[in-house]
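Q:
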Amino acid sequence: MTEDRPPPRRLPVVLWLLPLLGIALPIGAVFYDMLSDRGIPSFRRPSQAENRTKPPGNVGEAGTAVRRATDFIPKPTAWSALLAKAPQEDPARGRVLVTQGSGAVPPACATCHGAKSVAPQPFPALEGLPAEYIVKQLLDYRSGARQSSVMQPVARELSDSDITAVARYYATQARPATAALPTDGAAASLHWSGDNGRALPACADCHGASGRGGGPVLPPLTGQPKGMVAAQLNAFRSGARANDDDGVMRAFARRLTAAEIEGLDNFYAAASAPQGGVSKPAQ
Numbered sequence: 001m002t003e004d005r006p007p008p009r010r011l012p013v014v015l016w017l018l019p020l021l022g023i024a025l026p027i028g029a030v031f032y033d034m035l036s037d038r039g040i041p042s043f044r045r046p047s048q049a050e051n052r053t054k055p056p057g058n059v060g061e062a063g064t065a066v067r068r069a070t071d072f073i074p075k076p077t078a079w080s081a082l083l084a085k086a087p088q089e090d091p092a093r094g095r096v097l098v099t100q101g102s103g104a105v106p107p108a109c110a111t112c113h114g115a116k117s118v119a120p121q122p123f124p125a126l127e128g129l130p131a132e133y134i135v136k137q138l139l140d141y142r143s144g145a146r147q148s149s150v151m152q153p154v155a156r157e158l159s160d161s162d163i164t165a166v167a168r169y170y171a172t173q174a175r176p177a178t179a180a181l182p183t184d185g186a187a188a189s190l191h192w193s194g195d196n197g198r199a200l201p202a203c204a205d206c207h208g209a210s211g212r213g214g215g216p217v218l219p220p221l222t223g224q225p226k227g228m229v230a231a232q233l234n235a236f237r238s239g240a241r242a243n244d245d246d247g248v249m250r251a252f253a254r255r256l257t258a259a260e261i262e263g264l265d266n267f268y269a270a271a272s273a274p275q276g277g278v279s280k281p282a283q
């Protein structure tokens, strides 16, 4: 006959946890010190007194900027803001600035860019260009974002109203007429299809299938004097011109060979109509 024995006594769970707490508490203290040294903020609600002592304006603690919802709304570009606020002036003023000048330092635009859609080399034809494009270029010349020993001094002497008057005048003028672009050849391939293997998009994707421009700040490539396209591609390629959005044209030009740049220049110049031919303004 077996003797009845009492069941063994079990230690309370708390006693089992005491050694674990003895290990966890020192480790937690070390991490707390580390986080405090790194400046991790505590997430507590500031007192009313602290709120009253914060500096005014868009500045938070330690002089850091406070982000607001409006910070994530795209800001209008300088050229679009200027055109939006500029009143519609008498078109005659733009015509006088272009053909005769203002009588001050800036010469008449037609002195270099010609008249009646005939621009001598190496100056671009401006008739029919979007007003947005002309305003952007003049503002970039004035700020130094686009470099030119000729145009920078001129742009610095122009007022905002001069710039918008000139841009709106040119935008209403008929563009130089152009012929259809060919579909064969290396330059035609770059225009119509690009080169995916070298991350070269088709020129037509941005500048239009006809090369007559693809938007307010995407200028036409046809209707310009021979040498103009090559001059701009080489400027983008070398970095001498750097006012393209997000460096798109600089990246594009750097992937082209010198022979391809010359070929594209010939390709677009060949589509220009004889001098004096005109067509409707660019849209």
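Counting along the sequence shown from 1, when you hit position 146 you're at 146 in UniProt numbering, and nothing is skipped either side. In this text, a Cβ means the ideal position worked out from N, Cα and C, and glycines have one as well. Computed from a prediction, not measured in an experiment: that's the story for all the values here.
#1: Is it the case that the Cβ atoms of residue 260 and residue 230 are separated by a distance below 8 Å?
#2: Mind checking residue 135: buried by the 16 CB within 10 Å criterion, or exposed?
#3: Beta-carbon within less than 6 Å of residue 86's beta-carbon, same chain only, minus the 5 sequence neighbours each way: which residues are those?
#4: Starting from the Cα of residue 235, find the closest Cα among 125, 256, 171, 158 and give me that residue.
#5: Using the three-state DSSP reduction, which class does residue 40 fall into: helix, strand or coil?
#6: Between the segment 208-225 and the segment 128-146, do at least 3 Cβ pairs fall closer than 8 Å?
#7: Under the rule that 16 or more other beta-carbon atoms within 10 Å means buried, what is residue 94, buried or exposed?
#8: Could you say which of 184, 233, 268, 196 lies nearest to residue 224 if we only look at CA atoms?
#9: In chain order, what residues of the same chain lie with their CB nearer than 7 Å to the CB of residue 168, ignoring the 5 residues before and after it?
#10: State yes or no: is the C-beta of residue 110 within less than 8 Å of the C-beta of residue 98?
#11: Do the segment 178-196 and the segment 137-147 make contact, defined as three or more Cβ pairs closer than 8 Å?
#12: Beta-carbon within less than 7 Å of residue 204's beta-carbon, same chain only, minus the 5 sequence neighbours each way: which residues are those?
#13: At what residue ranges does the UniProt domain "Cytochrome c" (180-272) contain a whole run of the alpha helix (DSSP H), taking only runs of 4 or more?
#14: Does residue 167 come out as helix, strand or coil in the three-state DSSP assignment?
#15: Just how far apart, CA to CA, sit residue 104 and residue 199?
#16: Can you give me the C-alpha to C-alpha distance between residue 147 and residue 240, rounded to a whole angstrom?
#17: Which one or two residues does DSSP pair with residue 172 in a beta bridge?
#18: What does the alpha-carbon distance come out to for the pair residue 194 and residue 201?
#19: Please report the distance separating the alpha-carbon of residue 266 from that of residue 123.
#20: Apply the 10 Å Cβ neighbour rule to residue 127 and answer buried if 16 or more other Cβ atoms are within range, or exposed otherwise.
#21: Within the same chain, show all residues whose beta-carbon is closer than 7 Å to that of residue 282, passing over the 5 residues directly before and after it, in chain order.
#22: Could you check the C-alpha separation between residue 251 and residue 244 for me, to the nearest Å?
#23: On the premise that residue 222 lies in contact with residue 172, defined as a C-beta separation below 8 Å, what is that separation, rounded to the nearest angstrom?
#24: Skipping 5 residues on each side, what residues in its chain have a beta carbon closer than 7 Å to that of residue 156?
A: If we stick to the structure as given:
#1: no
#2: buried
#3: 164
#4: 256
#5: Any reading at residue 40 must be qualified, since the residue scores a pLDDT of 48, below 50, and its modelled position is unreliable; the value itself is stated next. Three-state DSSP puts residue 40 in coil, outside helix and strand.
#6: yes
#7: buried
#8: 268
#9: 94, 131
#10: yes
#11: no
#12: 191, 192
#13: 186-192, 203-207, 228-238, 248-254, 258-269
#14: helix
#15: 47 Å
#16: 7 Å
#17: According to DSSP, residue 172 bridges with nothing at all.
#18: 5 Å
#19: 16 Å
#20: buried
#21: Low confidence applies here, because residue 282 scores a pLDDT of 45, under 50, leaving its location unreliable and the question unanswered by this model.
#22: 10 Å
#23: That belief does not hold up - the Cβ atoms of residue 172 and residue 222 are roughly 20 Å apart, past 8 Å.
#24: 142
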